[in-house]
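Take a look at the structure below.
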Amino acid sequence: GIYQFSALVASVPSMFLSSLSNVILPTASFYNALGKDDRRISSISFRVAALLTLLAVIVFIPVGEMVILKFFPDYSPGVSAFVLLVIASSLTFPIGVLGTLIVAFKRDLRPFLVLTTLNAFTVLTTSFLLIPRIGIVGGALSQIIASTISSTFTLFYALRERVFFPTAKEYAILSILPLVGIYEVFVDPPFLDVLLLIAVLLAFKFLGIIERGDVELIGKFLPRALGFVYKILFILSK
Numbered sequence: 003g004i005y006q007f008s009a010l011v012a013s014v015p016s017m018f019l020s021s022l023s024n025v026i027l028p029t030a031s032f033y034n035a036l037g038k039d040d041r042r043i044s045s046i047s048f049r050v051a052a053l054l055t056l057l058a059v060i061v062f063i064p065v066g067e068m069v070i071l072k073f074f075p076d077y078s079p080g081v082s083a084f085v086l087l088v089i090a091s092s093l094t095f096p097i098g099v100l101g102t103l104i105v106a107f108k109r110d111l112r113p114f115l116v117l118t119t120l121n122a123f124t125v126l127t128t129s130f131l132l133i134p135r136i137g138i139v140g141g142a143l144s145q146i147i148a149s150t151i152s153s154t155f156t157l158f159y160a161l162r163e164r165v166f167f168p169t170a171k172e173y174a175i176l177s178i179l180p181l182v183g184i185y186e187v188f189v190d191p192p193f194l195d196v197l198l199l200i201a202v203l204l205a206f207k208f209l210g211i212i213e214r215g216d217v218e219l220i221g222k223f224l225p226r227a228l229g230f231v232y233k234i235l236f237i238l239s240k
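Numbered according to our numbering, the sequence shown spans residues 3 to 240.
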């Protein structure tokens, strides 16, 4: 149906980002085993993940909308659900990286069993309440709600377990992520997406959010197929 198609298209950026997660875990585990500073590892991982997430979401949403409307017009009623599903599955990726670091740093994972149960209950309950009232958008909203709960839990647990040590740069990113999500839902004309993309690139470049040493560290573990990611990070590093 329309919802399944929207979910399929919306999963594309999260598939790309998940391939990066497969790099972050061995990198963090390796440097943790060497006794390197957990603070630096978590900070680098979070900032790099945030940059790539913002680029993927800002670029893919207008492209995905255009593809659906132009080539699959029968599925155009699912565009709103598509946008919400991209945000739910991809925009929270940097927070998900913190969960990966909790595993890498061998912290207690039992609370995540509770979180899994809570997420399942949230999706079931919100879907039951929302889908009969607002259709497929209700299903997408239920994913947004579950994703928000999961991300909030992971963030606070990472802080509590001292896996994440946010500085001004990390707090800025944590503010930008939900603002971009709100923008994509409520504003989102394509020409403003271009301006938003430029603004994000300039902010990361001139505020020095990604440092050259960070890129060299990540680059050692990137597979050859993701070489373009290294080039993007290198250009935007300071």
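Idealized CB from N, CA, C, for every residue including glycine.
Under 8 angstroms between C-beta atoms of residue i and residue j
| i | j | result |
| --- | --- | --- |
| A83 | G141 | yes |
| L199 | P96 | no |
| L235 | V50 | yes |
| L120 | I151 | yes |
| P28 | F223 | yes |
| L56 | V182 | yes |
| P15 | S78 | no |
| V59 | V88 | yes |
| K233 | G210 | no |
| I26 | S8 | no |
| L143 | T128 | yes |
| A52 | I184 | no |
| F193 | L238 | no |
| S13 | L228 | no |
CA-to-CA distance, residue j to residue i, given in whole angstroms
| i | j | result |
| --- | --- | --- |
| T156 | V139 | 26 angstroms |
| P75 | S23 | 34 angstroms |
| L203 | E172 | 16 angstroms |
| L242 | I133 | Because residue 242 is not part of the residues shown, which for the chain are 3 to 240, the question remains open. |
| D195 | Y159 | 33 angstroms |
| L100 | L131 | 31 angstroms |
| I212 | I136 | 41 angstroms |
| Y5 | G66 | 14 angstroms |
| R164 | M68 | 43 angstroms |
| R109 | I70 | 42 angstroms |
| F256 | I146 | One cannot answer for residue 256 here, as it falls past the ends of the chain, which runs 3 to 240. |
| S149 | T94 | 7 angstroms |
| K72 | V81 | 12 angstroms |
| G243 | V231 | Since the first and last residues shown for the chain are 3 and 240, residue 243 lies out of range. |
| F114 | R162 | 14 angstroms |
| T154 | V189 | 25 angstroms |
| A201 | A170 | 18 angstroms |
| M17 | R226 | 17 angstroms |
| R112 | L197 | 43 angstroms |
| G1 | L10 | Outside the displayed span of the chain (3 to 240) sits residue 1, for which this structure offers no information. |
| E186 | F208 | 24 angstroms |
| A122 | P191 | 34 angstroms |
| L54 | A106 | 21 angstroms |
| P168 | G98 | 15 angstroms |
Short CB-CB distance (under 8 angstroms) between residue i and chain C
| i | result |
| --- | --- |
| R41 | In the structure shown, chain C does not exist; there is a single protein chain. |
**Prompt:** Is there contact here, the segment 40-54 with the segment 212-225, by at least three beta-carbon pairs under 8 angstroms?
**Reply:** These segments touch.
**Contiguous alpha helix (DSSP H) assignments of at least 4 residues, all confined to the segment 22-102** = Listed in chain order, they are 40-73, 81-88.
**Asked** Which parts of the segment 192-224 are runs of the alpha helix (DSSP H), unbroken and 4 residues or longer, counting only runs that do not cross its ends?
**Response** Counting whole runs of 4 or more residues, the segment 192-224 contains the alpha helix (DSSP H) stretches 192-208, 214-221.
**Message:** Suppose only complete runs of 4+ residues qualify. What are the alpha helix (DSSP H) ranges in the segment 105-155, listed by chain order?
**Reply:** The qualifying runs are 112-136.
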